[in-house]
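Following the UniProt record's numbering from start to finish, the sequence shown increments by one per residue and tops out at 339.
Idealized CB from N, CA, C, for every residue including glycine.
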Amino acid sequence: MTIDKTNTPGAFTSSADDDLFMKKAQNSNHTSHMQPASHFFIDESLRRALACEMRATFLVEDSELPFQVHSYYALSPLETIEAPLPGVAKQQTIKAQSISDGRHYVLSRISDYRPGQKPELSAVDKWRQVQNPNVARVCEAFITHAFGDNSLVVVHDYKPLATSLKSKISDNSVTTSEAFLWSLVLQLTSALNAIHAAGLAVYKLDTSTVFLSPTNRAFIGYCGLVDVLASRANHNVQAAQQKDLHSIGQILLMLLNRTSEYIATVPGQPPAVMPEAGYSAEFRELFRYLNYHLTPVITVEGILHLAGPRMLTELDAAWNETDMLANNLRTEMANGRLV
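Structural data, given as structure tokens:
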């Protein structure tokens, strides 16, 4: 017996020979409901970025460093900075993992610390209160003999794959586009606003203490060293805060000084850097404000006033990244890979 229902849209046919099989109606398009494999997994570029960060985080270089210092182990050298501060011959930065929480941190070590000096370890308490996405958080400070000498160590948050602006300038791997420079200025201004609001100052803000992530996220590193070393006794905090803001202009100066087209020459005067072609009038005004003392003082409010709608560009970028990360987390949760 044969049942014929082919006149009914979407129906199937059945016979003695094929009564166990269903035949798809010819006018149905099942491919319209199919999704590419990438739809069900984390974004590939994000996955690669996270994998690179994890690889850098857990990599331990061979060295002669002790295995454990204080509550940190798996020490791996990062860099050595010659004469980082007045009276300090050398600073060694080391990546290490905490026994307490399993996270990775940067240990800034001042070697051969003279026993006669009394470090202001309590200064870390004020720095620990500074919470800002553009500041490598200060966690603690201690003195140790684990390195074979009297070493002062200040601990900061570790930022995977972040590179100092000084290194990127040396490698010629940093852009001087106006969009990047505005972003850098606003990120550093945000960091300084939080630091100054806590009654603190960076004291040393330059290309060696500003770090960039692969996505051009800026961080101020090595904060608190001057305070802990008690070398700020003769410094005025308000004057130091003003110097911090002026240092943003000096960083712009160093970035643009690499290109001869931005160097203006006036007879009888030394060459001066002045961005012209390719930069907006607003950016040129900001550059003069930060570098040429057009006003008695530089303020955070003054910088934000000149930035204007570019602050919204930074805010939009931050929220777009937040949405992207949240969407990827939802995908992982929907697929049961995140609980």
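Runs of the alpha helix (DSSP H) spanning 4 or more residues and lying entirely within the region 78-140 occur at 123-128, in chain order. Contact between Ser63 and Ser71 fails: their C-beta atoms lie close to 19 Å from each other, not under 8 Å.
DSSP places Leu290 inside the alpha helix (DSSP H), whose first and last residues are Ala281 to Asn291.
Secondary structure at Val185: helix, using DSSP grouped into helix, strand and coil. Sixteen is the threshold: since fewer than 16 other Cβ atoms of the shown chains lie within 10 Å of the Cβ of Trp319, the residue is exposed. Spanning the alpha carbons of Glu53 and Gly278 requires a straight line of approximately 34 Å. Within the same chain, Cβ atoms closer than 6 Å to the Cβ of Arg137 are found at Asp157, the five residues on either side in sequence being excluded. In its chain, beyond the 5 residues on either side, Phe180 and Ser183 have a beta carbon closer than 7 Å to the beta carbon of Asn216. The region 209-236 is shown to contain whole alpha helix (DSSP H) runs of 4 or more residues at 225-228, in chain order. With contact defined as three or more Cβ pairs closer than 8 Å, the region 98-114 and the region 147-161 are in contact.
In the DSSP assignment, Leu152 falls within the beta strand (DSSP E) that extends over Ser151 to Asp157. Secondary-structure assignment with DSSP links Ile143 through a beta bridge to Leu152.
Take the alpha-carbon of Lys166 and the one of Ser208: they are about 5 Å apart.
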